[in-house]
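So the protein sequences, as listed, match chains A and B.
Reading the first sequence from the start, the letters are residues 1 to 395 in this note's numbering.
Reading the second sequence from the start, the letters are residues 1 to 395 in this note's numbering.
A virtual CB, placed ideally from N, CA and C, is assigned to each residue, including glycine.
Since the model is a prediction, treat every value here as computed from it, not as a measurement.
So the structure is just underneath, and the comments pick up after that.
There are 2 protein chains.
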Amino acid sequence: MRQDDDVKTADFTDVRATNLAVVLRHLRANGPSSRAAIAASTGLNKATVSSLTSDLIGQRLLRETGLTGNRIGRPATELALDGSAYAAIGLQVAADRLTALAVDFAGEQLLLWHRAVRADRAGTAITALAQRAASRVRQQGRHVLGLTVAVPGLVADGGTVRLSPPLGWADLDLRGLLSGSLRQSGLTVAVANHAVLAAVAEQRHGGHPGGANLTYVTGAAGVEAGLVVDGRPLAGAHGFTGQIGRFTLGPAGAPTLQDLAGVEPLVRRALPDFDPESLGDLSPAVEQVAVQARAGDAATLQALRDTGCHLGQGLALLANLVNPELIVLGDHYAALAEWLIPAAETELARHTLAPEAGGARLIASRLGLHAAALGGAVTHLDRVDTGDLSRLAHA
Amino acid sequence: MRQDDDVKTADFTDVRATNLAVVLRHLRANGPSSRAAIAASTGLNKATVSSLTSDLIGQRLLRETGLTGNRIGRPATELALDGSAYAAIGLQVAADRLTALAVDFAGEQLLLWHRAVRADRAGTAITALAQRAASRVRQQGRHVLGLTVAVPGLVADGGTVRLSPPLGWADLDLRGLLSGSLRQSGLTVAVANHAVLAAVAEQRHGGHPGGANLTYVTGAAGVEAGLVVDGRPLAGAHGFTGQIGRFTLGPAGAPTLQDLAGVEPLVRRALPDFDPESLGDLSPAVEQVAVQARAGDAATLQALRDTGCHLGQGLALLANLVNPELIVLGDHYAALAEWLIPAAETELARHTLAPEAGGARLIASRLGLHAAALGGAVTHLDRVDTGDLSRLAHA
Numbered sequence: 001m002r003q004d005d006d007v008k009t010a011d012f013t014d015v016r017a018t019n020l021a022v023v024l025r026h027l028r029a030n031g032p033s034s035r036a037a038i039a040a041s042t043g044l045n046k047a048t049v050s051s052l053t054s055d056l057i058g059q060r061l062l063r064e065t066g067l068t069g070n071r072i073g074r075p076a077t078e079l080a081l082d083g084s085a086y087a088a089i090g091l092q093v094a095a096d097r098l099t100a101l102a103v104d105f106a107g108e109q110l111l112l113w114h115r116a117v118r119a120d121r122a123g124t125a126i127t128a129l130a131q132r133a134a135s136r137v138r139q140q141g142r143h144v145l146g147l148t149v150a151v152p153g154l155v156a157d158g159g160t161v162r163l164s165p166p167l168g169w170a171d172l173d174l175r176g177l178l179s180g181s182l183r184q185s186g187l188t189v190a191v192a193n194h195a196v197l198a199a200v201a202e203q204r205h206g207g208h209p210g211g212a213n214l215t216y217v218t219g220a221a222g223v224e225a226g227l228v229v230d231g232r233p234l235a236g237a238h239g240f241t242g243q244i245g246r247f248t249l250g251p252a253g254a255p256t257l258q259d260l261a262g263v264e265p266l267v268r269r270a271l272p273d274f275d276p277e278s279l280g281d282l283s284p285a286v287e288q289v290a291v292q293a294r295a296g297d298a299a300t301l302q303a304l305r306d307t308g309c310h311l312g313q314g315l316a317l318l319a320n321l322v323n324p325e326l327i328v329l330g331d332h333y334a335a336l337a338e339w340l341i342p343a344a345e346t347e348l349a350r351h352t353l354a355p356e357a358g359g360a361r362l363i364a365s366r367l368g369l370h371a372a373a374l375g376g377a378v379t380h381l382d383r384v385d386t387g388d389l390s391r392l393a394h395a
Numbered sequence: 001m002r003q004d005d006d007v008k009t010a011d012f013t014d015v016r017a018t019n020l021a022v023v024l025r026h027l028r029a030n031g032p033s034s035r036a037a038i039a040a041s042t043g044l045n046k047a048t049v050s051s052l053t054s055d056l057i058g059q060r061l062l063r064e065t066g067l068t069g070n071r072i073g074r075p076a077t078e079l080a081l082d083g084s085a086y087a088a089i090g091l092q093v094a095a096d097r098l099t100a101l102a103v104d105f106a107g108e109q110l111l112l113w114h115r116a117v118r119a120d121r122a123g124t125a126i127t128a129l130a131q132r133a134a135s136r137v138r139q140q141g142r143h144v145l146g147l148t149v150a151v152p153g154l155v156a157d158g159g160t161v162r163l164s165p166p167l168g169w170a171d172l173d174l175r176g177l178l179s180g181s182l183r184q185s186g187l188t189v190a191v192a193n194h195a196v197l198a199a200v201a202e203q204r205h206g207g208h209p210g211g212a213n214l215t216y217v218t219g220a221a222g223v224e225a226g227l228v229v230d231g232r233p234l235a236g237a238h239g240f241t242g243q244i245g246r247f248t249l250g251p252a253g254a255p256t257l258q259d260l261a262g263v264e265p266l267v268r269r270a271l272p273d274f275d276p277e278s279l280g281d282l283s284p285a286v287e288q289v290a291v292q293a294r295a296g297d298a299a300t301l302q303a304l305r306d307t308g309c310h311l312g313q314g315l316a317l318l319a320n321l322v323n324p325e326l327i328v329l330g331d332h333y334a335a336l337a338e339w340l341i342p343a344a345e346t347e348l349a350r351h352t353l354a355p356e357a358g359g360a361r362l363i364a365s366r367l368g369l370h371a372a373a374l375g376g377a378v379t380h381l382d383r384v385d386t387g388d389l390s391r392l393a394h395a
């Protein structure tokens, strides 16, 4: 197996795919450039660049943007990423609602929808929402490259939800299910863990340097981490990674990190008379906690400090094991970051063997509550950035 | 940077290197084969295989082993890995002693030496031992491809020991130091964490399937883990990974995994009247603990059960985060594995969210106390297996 793969990575289609990727990444990183500038900074010769760019223009991934101005010699035509022809959809599943998001290859958000739903009805609701989103995007004249569904818990590589306590799912072949019900609409379907997808979104749209070793921590449905390592999501043997909430040490029945640093325990402590029934969507409760914190409520501030301390211990564990460059506090944690981060940073540094927490910076996400949906869409668009244009032909 | 790399990985030298690697791996995996058999099972055409194999024979990495027997048509010459011309050296540093090991490309161990040493004298002792080992190997008519020094603690990518509590080292540019003192002997020097190198050795010489996601746990000098992920050692942002011993949760001063599951605390508990002074080398004490366990001493067996339980909690944490296929208990843990594993397996399964510990198998290393030295040598030989023959020219 291994050997055949190696042979493939060396054949000539891949040389071209690699070079297509080089051109696309150059333009994504540096903005509009002339063919000559692309050749100069990628090390590819001009004839190759001309052939690659005409391919990409033909595929509507690039467009010519007129002439360059201030330069010596005759002006050259500049090329820019287009990608308005291609889009992808991410669909994020929570215990009480679905979020659908579509983005095009150039990074423009095309739609963001929320739907209330019960987990036991999620299957049909996902299908319906995916179909509506796909036809809306197609009405806008875009090809849909694929759909990725983001769920909390353990998702096996094949797209089976092995175990999702927040959704009450076990051994559910969600990918198979949706591929069947969406066959008519011709959508390519993938399923992945929401924290992993959120980490991918932070890497591409979070606007932080140092994304090659990035960890995203979600508190939306239990505490989970999405690990990007050497630039790629960490899958492990079967895709069951990032379950930091289970972290415990000591006698049987000792509390887990989730018990000590979870968002729901924090809410219950800061809002004693909060209605447990309404804990499906934590957002209003989290906003109320923030309001009390801003008002200087002592009990709320203490609860936030304690949560931050324990979260910091969990992050130290992560930093000691995988040495991330960047730890991004996501969703509800981001909304409370100004109170959580000071305590968390102290514990992170105290419990990490490497000085300055091994160089890990702790920051709040700016991508809001639907980072996983964005990441789900991005995974399909990233395939194009690697020079894999095979899907475009079918699109 | 990224882009230039991609261009490189696609150029033609790399196509050839990749194909050289394919041939070498085929022979390592399948043993002696004819050129036709290599072509058939690698997908390379016969002309390419002939040209690649004559290169490799010229480099003394392959040799012809006479004719194949029972097959239709005229008999063909078989080729086998040779590699007796090339060797590499691993040097393992502990608080009280050095271990030097040399192995050739075909996997034969050429020497295994131990020297007593004090950490404050380690620098000169390492240089002297490396020089003696290199000249011994050269006397045997081998080229030495390189030397890797294995140390406990944090080693930065450049080979600087950032922090090694067991050795009492901080910010020591060990690689620079040794490169200077070994310049005459023309040795290429690398420095890496001992658990990471032991994991590499397990991957290549441990004889387990499923080495692509493997974790090696050492108890030789504190509790550290060497993580191999998707077939490669996990470096993280700066190389500071696998520090599982720091793992703690709860109020300030709560015990760490190292306090609860370390080998030294176990020894102190099982052998109350053991001389703490002699704790530099734990081997005799560990052997005494094993003797008492075999004799059925209740206190010793209880101490082993407790250590196993806490170790299992630490491994569950690892399994929840990086989902290894294989967890290898190394060095002193391996010597006590028959008593540690039952309790550790129970806790590992109990605290891992994924069923059956996410598929992680817990086993004892068969590579003994010098796995890290072996791994140090292997890292240099692995570069040849990837088709990188550049060093051979200089060798």
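Annotation for Glu347 (chain B): the continuous alpha helix (DSSP H) segment containing it runs Ala337 to His351. Between Gly146 (chain B) and Leu187 (chain B) the beta-carbon gap is near 7 Å, inside 8 Å, which marks them as a contact. The C-alpha of Pro75 (chain A) is placed about 12 Å away from the C-alpha of Ser33 (chain A).
The beta carbon of His238 (chain A) sits closer than 7 Å to those of Ala156 and Asp157, all from its chain and outside the five residues before and after it, given in chain order.
Contact between the region 172–192 of chain A and the region 106–121 of chain A is not established, with fewer than three Cβ pairs separated by less than 8 Å. Ala37 (chain A) sits in a helix when the DSSP states are folded into three classes.
Looking only at A:Leu163, A:Leu61 and A:Asn193, the smallest Cα-Cα distance to Val149 (chain A) is reached by A:Asn193.
In this structure the region 54–62 of chain B touches the region 14–29 of chain B; the number of beta carbon pairs closer than 8 Å is three or more. Residue A:Ala134 holds the alpha-carbon nearest to the alpha-carbon of Leu112 (chain A) among A:Ala134, A:Val189 and A:Thr124.
Residue contact check for Gln109 (chain B) against chain A: no CB pair falls below 8 Å. DSSP, reduced to helix, strand and coil, places Glu108 (chain A) outside both helices and strands of the structure shown, so it counts as coil.
Secondary-structure assignment with DSSP links Pro233 (chain B) through a beta bridge to B:Val228. Contact between Arg142 (chain A) and Tyr86 (chain A) holds: their C-beta atoms lie close to 6 Å from each other, under 8 Å. For His238 (chain B), the neighbours in chain A by C-beta distance under 7 Å run, in chain order, Asn323, Gly358 and Gly359. CA-to-CA, the gap between Ala106 (chain A) and Asp297 (chain A) works out to about 45 Å. Relative to Gln184 (chain B), the option among B:Gln131, B:Gly90 and B:Leu79 whose CA is nearest is B:Gln131.
For His351 (chain A), the nearest beta carbon of chain B is closer than 8 Å to its own beta carbon. At a cut-off of 8 Å between beta carbons, Asn320 (chain A) contacts chain B.
In the DSSP assignment, Leu326 (chain A) is bridged to A:Leu214 and A:Arg361.
A distance below 8 Å separates the beta carbons of Ala212 (chain B) and Glu325 (chain B).
For Ala293 (chain B), the closest of B:Ala335, B:Asp171 and B:Asp273 by C-alpha to C-alpha distance is B:Ala335.
In the structure shown, the three-state DSSP call for Ser135 (chain A) is helix. In the three-state reduction of the DSSP assignment, His114 (chain A) falls in the strand class, which pools E and B. Using a CB distance cut-off of 8 Å, Arg138 (chain B) does not count as an interface residue toward chain A. For Ala47 (chain B), the closest Cβ of chain A is not nearer than 8 Å. Within the region 369–393 of chain A, no residue places its CB atom closer than 8 Å to a CB of chain B. Contact between Gly219 (chain A) and Leu257 (chain A) is ruled out by a C-beta separation of about 11 Å, above the 8 Å threshold. In the three-state reduction of the DSSP assignment, His370 (chain B) falls in the helix class. By the Cβ rule, the region 264–272 of chain B does not count as touching the region 356–367 of chain B, because fewer than three pairs are nearer than 8 Å. Neighbours of Arg366 (chain A) in chain B, taken as residues whose beta carbon is under 8 Å from its own, are absent, since the nearest beta carbon is some 21 Å off. With respect to chain B, the C-beta atom of Gln203 (chain A) has no partner C-beta closer than 8 Å.
Judged by their CB atoms, Leu79 (chain A) and Leu62 (chain A) are nearer to each other than the 8 Å cut-off. In this structure, Ala364 (chain B) lies away from His310 (chain B), with their beta-carbon atoms at least 8 Å apart. As a beta-bridge residue in DSSP terms, Ser164 (chain A) pairs with A:Trp169. Excluding its 5 nearest sequence neighbours in each direction, Ile327 (chain B) has C-beta neighbours in its own chain below 6 Å: Thr215, Leu315, Ala360 and Leu362, listed in chain order.
In summary, the residues of the region 222–246 of chain B whose CB is separated from some CB of chain A by less than 9 Å are Ala225, Leu227, Val229, Asp230, Gly231, Arg232, Leu234, Ala235, Gly236, Ala237, His238, Gly239, Phe240, Thr241, Gly242, Gln243, Ile244, Gly245 and Arg246, in the order they occur in the chain.
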